[in-house]
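I have placed the structure first, in the form of structure tokens, so that the comments after it can refer back to it.
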Amino acid sequence: TVTEAALGAIIEVPTIDGRTKIKIPQGTQTGQKLRIRGKGVKMPDGTRGDEYVLIKVVLPPKIDERGKKLLEELGRINPYDPRKNLW
Numbered sequence: 779t780v781t782e783a784a785l786g787a788i789i790e791v792p793t794i795d796g797r798t799k800i801k802i803p804q805g806t807q808t809g810q811k812l813r814i815r816g817k818g819v820k821m822p823d824g825t826r827g828d829e830y831v832l833i834k835v836v837l838p839p840k841i842d843e844r845g846k847k848l849l850e851e852l853g854r855i856n857p858y859d860p861r862k863n864l865w
């Protein structure tokens with residue numbers, strides 16, 4: 779979620795052995811890859827490879843009035859512009 783990506787969180791993700799918890803660092807962006815050591819495919823020598831989790835931050839499909847006001851306030855107190863240095 780946006781909140782988990784912005785603030786950081788511990789979340790559960792699926793692996794080939796079942797679910798495991800990983801730490802989402804504060805400020806995580808869509809497209810980032812996080813590595814889970816030793817949770818990947820078994821190698822010919824018997825060791826396990828790593829699993830990679832591709833982050834996709836998903837916005838809620840609808841935002842109510844209170845949510846809109848909170849996001850507008852966040853924009854005012856944290857005026858980050860990701861397009862600032864594009865040109």
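Residue numbers (this note's numbering): 779 to 865.
We treat Cβ as the ideally placed atom computed from N, Cα and C, and that holds for glycine.
Glu-829 counts as buried, since at least 16 other C-beta atoms from the protein chains shown sit within 10 angstroms of its C-beta. Three or more pairs of CB atoms, one per stretch, sit closer than 8 Å, so the region 805 to 812 contacts the region 831 to 842.
Looking at the DSSP output, Arg-797 sits in a beta bridge with Pro-792. The DSSP-derived three-state label of Lys-811 is strand.
Scanning its chain for C-beta atoms nearer than 6 Å, with the 5 sequence neighbours on each side dropped, one finds around Lys-799 the residues Ile-788 and Glu-790, in chain order.
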